[in-house]
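A.B. asks: First the structure, then my questions, so here it is.
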Amino acid sequence: MTTSEIFFYPGILLTNLLLSIFEFAPSDVDPALHWVLSLIMSLLVWNTVFNAAVAMIKKAAGFGSNQGHY
Numbered sequence: 002m003t004t005s006e007i008f009f010y011p012g013i014l015l016t017n018l019l020l021s022i023f024e025f026a027p028s029d030v031d032p033a034l035h036w037v038l039s040l041i042m043s044l045l046v047w048n049t050v051f052n053a054a055v056a057m058i059k060k061a062a063g064f065g066s067n068q069g070h071y
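Below you can see the structure in the form of structure tokens.
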């Protein structure tokens, strides 16, 4: 797998899931629209993963807590 395929994989899965919920087959959707939807979903997924990782690192390092501050 190339880097772009790895980046798009969660978006493709989520896009196909959303299309199946709304009873559309991925083949019914224009390939360009499917690509754009996959890109948007991938950005949302990777943004969430990145934010969660940063929050865990900050918590483990002791940053960002309001304990001891008035």
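Taking my numbering, I'd label the letters of the sequence shown as residues 2 to 71. Virtual Cβ for every residue (Gly too), placed ideally from N, Cα, C.
State the DSSP-derived secondary structure class of valine 30, mapped to helix, strand or coil.
C.D. replies: In this structure, valine 30 counts as coil in the three-state DSSP scheme.
A.B. asks: If you measure between the beta carbons of leucine 15 and valine 46, is that distance less than 9 Å?
C.D. replies: A contact, by the Cβ cut-off of 9 Å.
A.B. asks: Give the DSSP-derived three-state secondary structure of glycine 12 in the structure shown.
C.D. replies: The answer is helix: DSSP assigns glycine 12 an H, G or I state.
A.B. asks: Going by the CB atoms, is the gap between leucine 20 and aspartate 29 shorter than 9 Å?
C.D. replies: Closer than 9 Å, so yes.
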